[in-house]
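Right, one structure below, let's go through it.
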Amino acid sequence: MSEFTLGSLATISLVICCIDAGFWMTGGRSGKWKRRYLGAFVQTLGINALSLITGTWAWQFILVFGPEIGSRSLGYGGTTTSHKVFRRAVFALGSLAAGAILAWGVGFTGKAIILLICQAIVSIVSIVLGVKNPLPAAVEEVFVCLSLKYFNYGYLFTAVTTI
Numbered sequence: 020m021s022e023f024t025l026g027s028l029a030t031i032s033l034v035i036c037c038i039d040a041g042f043w044m045t046g047g048r049s050g051k052w053k054r055r056y057l058g059a060f061v062q063t064l065g066i067n068a069l070s071l072i073t074g075t076w077a078w079q080f081i082l083v084f085g086p087e088i089g090s091r092s093l094g095y096g097g098t099t100t101s102h103k104v105f106r107r108a109v110f111a112l113g114s115l116a117a118g119a120i121l122a123w124g125v126g127f128t129g130k131a132i133i134l135l136i137c138q139a140i141v142s143i144v145s146i147v148l149g150v151k152n153p154l155p156a157a158v159e160e161v162f163v164c165l166s167l168k169y170f171n172y173g174y175l176f177t178a179v180t181t182i
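Per this note's numbering, residue 20 is the first one in the sequence shown, and the count goes up by one each step.
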C-alpha cells in the first residue's frame with residue numbers, strides 16, 4: 020500500500036474520530052445514547068471498514084463494540100478526588116480494553132504491544148485531565164475522546180507494509 024494511501028486512510032480515521040467526538044460531547048450534555056451507542060457504532064464500523072481496506076481485518080475487531088459501549092456507559096464524575104480517580108480509572112480501563120482486543124486481533128505483535136503501552140499512558144493522562152480538568156468540560160470531552168479513540172486505528176496499520 021502506498022504511503023499516500025496509508026496517510027489518506029489515517030486521515031479518514033481521524034475524521035471518524037472527530038464525528039465520534041461530536042457524539043461524545045453532545046451525549047455528555049443530553050441524550051447519553053448518542054455517546055454510548057452512536058459513538059460506539061461509528062468507531063466500531065470505522066475500525067472494521069478501514070481494516071477491510073487495509074487487509075488487516077480480524078474477527079476480534081467486531082468485539083470492540085462491547086468495550087466501546089461499556090467505556091461510554093460508565094460514569095466518570097465524582098464528589099471527592101479519590102472517587103473521581105477511581106471512576107476515571109474504570110472508564111480508562113474500559114477504553115483500553117478495546118485496544119487490547121485490537122492488539123489481539125493483529126496477533127499481539129511487537130508493534131501492537133508498543134501501541135498498547137502508549138495507549139495505557141494516554142489512559143493515565145485522561146485520568147489526570149478528568150480529575151484536574153484544566154479545560155471546559157465540553158472541550159475536555161472532545162480532547163479525551165480523540166486522545167483515547169484515535170489510538171484504536173493505529174492497530175490496523177501495524178501489519179501494513181508500504182511500497
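For every residue, glycine included, the Cβ atom is placed at its ideal position computed from N, Cα and C.
Sequence-distant residues of its chain with Cβ nearer than 8 Å to residue i (five each side left out)
i: I72; result: L28
i: W78; result: G124
i: R55; result: G46, I88, R91 and S92
Cβ shell of residue i (< 7 Å), same chain only, five flanking positions each side left out
i: L135; result: G118, A119 and A122
i: T100; result: V150
i: Q138; result: L115, G118 and F170
i: T63; result: V83, F84 and E87
i: G65; result: S32 and I35
i: K168; result: C36, D39 and Q62
i: N67; result: W76, F80 and I81
Burial state of residue i (16 or more Cβ within 10 Å)
i: G129; result: exposed
i: T177; result: buried
i: W43; result: buried
i: S49; result: exposed
i: G46; result: buried
i: L57; result: buried
i: I140; result: exposed
i: V161; result: buried
i: I35; result: buried
i: V61; result: buried
i: V158; result: exposed
i: G74; result: exposed
i: A59; result: buried
First and last residue of the uninterrupted alpha helix (DSSP H) at residue i
i: F127; result: Counting along the chain, F127 falls outside any alpha helix (DSSP H), and DSSP gives it neither H nor E.
i: V77; result: A small correction: the amino acid at residue 77 is Ala; Val does not occupy that position in the sequence shown. Element bounds for A77: n/a, residue is neither H nor E.
i: V34; result: E22 to R48
i: G97; result: Counting along the chain, G97 falls outside any alpha helix (DSSP H), and DSSP gives it neither H nor E.
Contact set for residue i: own chain, Cβ-Cβ below 6 Å, skip 5 residues either direction
i: A111; result: S142, S145 and I146
i: M20; result: V179
i: Y172; result: S32
i: S70; result: W76, F80 and L175
i: A40; result: V161, C164 and L165
Curious, which full-length alpha helix (DSSP H) runs of at least 4 residues does the stretch 140-180 contain? 156-176
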